[in-house]
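Notes for the one structure printed next.
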Amino acid sequence: MAKSAALARGCAPDNRSAVARLVFWRQNSVTIKDGAIMKSGLRFAQALLAAIIVFCVAQPALAQQNRGHVYLLRGLANVFSLGMDDLAAKMNARGIPATVHEYGQWQQLADAAAAESRATGNSPIVIVGHSLGADAAIEMAERLTALGVPPKLVVTFDPVGVTQVGPSLGYFVNYYQSNNGYGKRLTAARGFRGNIVNRNLDAIGSIDHFNIEKSPRLHEEVMAQVRSITNKPKPKPKPAAPAAPAAPAPAADPSVPGTQAAARPGAPG
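Going by UniProt numbering, the first residue of the sequence shown is number 1, and it counts up by one from there.
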């Protein structure tokens, strides 16, 4: 029980009181030896106490990671880019917070993403889009940069209208086909200060504009890129600057009565 109490002290304040109450209940209920209900209740309390302690112990480890948020933007009519939904489900299953949105919401999403990132210690922002959603992802990245919270990663699948990335930061990966009648290569416009990687998929005959965002292989590539960002530990706070050394004491003036010069190390006293 001493160990349980010690672990309870390591929990967040909201959880600590709950653990303390369970520890108290356990200590005072084990003296009742009769009654199946009490025994069953005791076992339940023990299991619940263990679960809370595990949760509390896990909290510091989770706090060390910048999980961030991945925003996925669908394309035309909000129905032709359902690969965004599949990709978001895979990310959430692996502990990466991801949400799917209609491409026309990019301005509101940029404002909300900036506020969320600031509120969570500048947690990373990732944007993924397909078709018109890819165009919106580029515009959202530019707005986030203007707001002072640039995205860490932007992934586009076959952008169709916005082919130049303007004033923005971040790492852009563009999966596209130039032979399907829709996809475009991305280029940097004036003010761009990030990096652009274009991945031409013309040689893959099984992919076209309407299923490029559904490719399991590309999903795995994107998730690997996202994990490289969201799994990075939070930077440790900088250590406090060392205090300036104290100024040496002024040497005694032999001409002033009542003073004595300090003896040098090794000199006779």
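Glycine included, every Cβ here is placed at the ideal spot set by N, Cα and C.
Among the candidates Gly-194, Gly-133 and Gly-170, whose CA atom is the shortest distance from the CA of residue 277? An answer regarding residue 277 cannot be provided, because it is not within the stretch 1 to 269 covered by the chain.
Buried versus exposed, by CB contacts within 10 Å (16 or more), Asp-158: Start at 1 with the first residue of the sequence shown, and residue 158 comes out as number 158. When all chains shown are included, Asp-158 counts as buried.
For Glu-139, count neighbouring C-beta atoms within 10 Å of its own C-beta (all shown protein chains included) and say buried if the count is 16 or more, exposed if not. Along the sequence shown, one-based indexing puts residue 139 at 139. With a 10 Å radius around the Cβ and a threshold of 16 neighbouring Cβ atoms, Glu-139 comes out buried.
Are Asp-85 and Val-100 closer than 7 Å when you measure CB to CB? For this step, residue 85 is matched to residue 85 along the sequence shown. For this step, residue 100 is matched to residue 100 along the sequence shown. Yes, the pair counts as a contact, with Cβ atoms nearer than the cut-off.
Does the beta-carbon distance from Ala-137 to Gly-129 come in below 7 Å? Start at 1 with the first residue of the sequence shown, and residue 137 comes out as number 137. Start at 1 with the first residue of the sequence shown, and residue 129 comes out as number 129. Taking 7 Å as the Cβ cut-off, Ala-137 and Gly-129 qualify as a contacting pair.
Excluding the five sequence neighbours on either side, which residues of its own chain have a C-beta within less than 7 Å of the C-beta of Val-222, listed in chain order? Working through the sequence shown from its first residue, we reach residue 222 at position 222. Around Val-222: Leu-87, Val-128 and Val-155.
Taking the straight line between their C-alpha atoms, what separation do you get for Ala-146 and Glu-220? Counted from its first residue, the sequence shown places residue 146 at position 146. Counted from its first residue, the sequence shown places residue 220 at position 220. In a straight line, the C-alpha of Ala-146 is about 31 Å away from that of Glu-220.
Excluding the 5 residues flanking Arg-118 on each side, which residues of the same chain have their C-beta closer than 8 Å to its C-beta? What you label residue 118 is simply residue 118 of the sequence shown in a count that begins at 1. So the qualifying residues of the chain are Val-149.
Measuring CB to CB, does Pro-124 end up less than 7 Å from Gly-68? Walking along the sequence shown from the start, residue 124 turns up at place 124. Walking along the sequence shown from the start, residue 68 turns up at place 68. Against a cut-off of 7 Å, the Cβ pair of Gly-68 and Pro-124 comes out as a contact.
Going by DSSP, which residues form a beta bridge with Ala-188? Locating residue 188 in the sequence shown gives position 188, where the first residue counts as 1. For Ala-188, which the question treats as bridged, DSSP gives the partners Val-165.
Measure the CB-CB distance between Leu-169 and Ile-229 and report whether it falls below 7 Å. Along the sequence shown, one-based indexing puts residue 169 at 169. Along the sequence shown, one-based indexing puts residue 229 at 229. For Leu-169 and Ile-229, no; Cβs fall outside 7 Å.
Using a threshold of 7 Å, state whether the C-beta atoms of Asp-208 and Asn-180 are closer than that. Your numbering for residue 208 matches position 208 in the sequence shown. Your numbering for residue 180 matches position 180 in the sequence shown. A distance below 7 Å separates the beta carbons of Asp-208 and Asn-180.
If we count the other Cβ atoms within 10 Å of its Cβ and call it buried at 16 or more, is Pro-151 buried or exposed? In the sequence shown, the residue the question calls residue 151 occupies position 151. In this structure Pro-151 is buried. Its beta-carbon is surrounded by 16 or more other beta-carbon atoms within 10 angstroms.
For Ile-207, name the three-state secondary structure that DSSP assigns. On the sequence shown, position 207 is the one that residue 207 refers to. It is coil, neither helix nor strand.
Which residue marks the beginning of the alpha helix (DSSP H) containing Val-222, and which one marks its end? The residue given as residue 222 occupies position 222 in the sequence shown. Residues 216-230.
Going along the chain, which unbroken runs of the beta strand (DSSP E) with 3 or more residues stay wholly within the segment 55-124? Within the segment 55-124, the complete beta strand (DSSP E) runs of at least 3 residues are 69-74 and 98-102.
For Val-197, I'd like the list of residues in its chain whose CB is within less than 8 Å of its CB, leaving aside the five on either flank, ordered along the chain. Here the question's residue 197 lines up with position 197 in the sequence shown. Hits under 8 Å: Tyr-171, Phe-172, Val-173 and Asn-174.
Is the distance from the Cβ of Gln-225 to the Cβ of Ala-189 below 7 Å? Position 225 of the sequence shown, counted from the start, is the residue given in the question as residue 225. Position 189 of the sequence shown, counted from the start, is the residue given in the question as residue 189. In this structure, Ala-189 does not lie closer than 7 Å to Gln-225 by Cβ.
Would the beta-carbon of Ala-114 fall within 7 Å of that of Leu-144? Working through the sequence shown from its first residue, we reach residue 114 at position 114. Working through the sequence shown from its first residue, we reach residue 144 at position 144. Their beta carbons are under 7 Å apart, which means Ala-114 touches Leu-144 by this criterion.
Can you give the Cα-Cα distance for Leu-186 and Arg-217, rounded to whole angstroms? As a working mapping, residue 186 is identified with position 186 in the sequence shown. As a working mapping, residue 217 is identified with position 217 in the sequence shown. If I take the Cα positions, the gap works out to 21 Å.
Which one or two residues does DSSP pair with Arg-199 in a beta bridge? By 1-based counting over the sequence shown, the position of residue 199 is 199. Answer by DSSP bridge pairing, in chain order: Tyr-175.
Terminal residues of the continuous beta strand (DSSP E) containing Leu-153? As a position in the sequence shown, residue 153 is number 153, starting the count at 1. 153-157 is the span of the beta strand (DSSP E), which, as asked, contains Leu-153.
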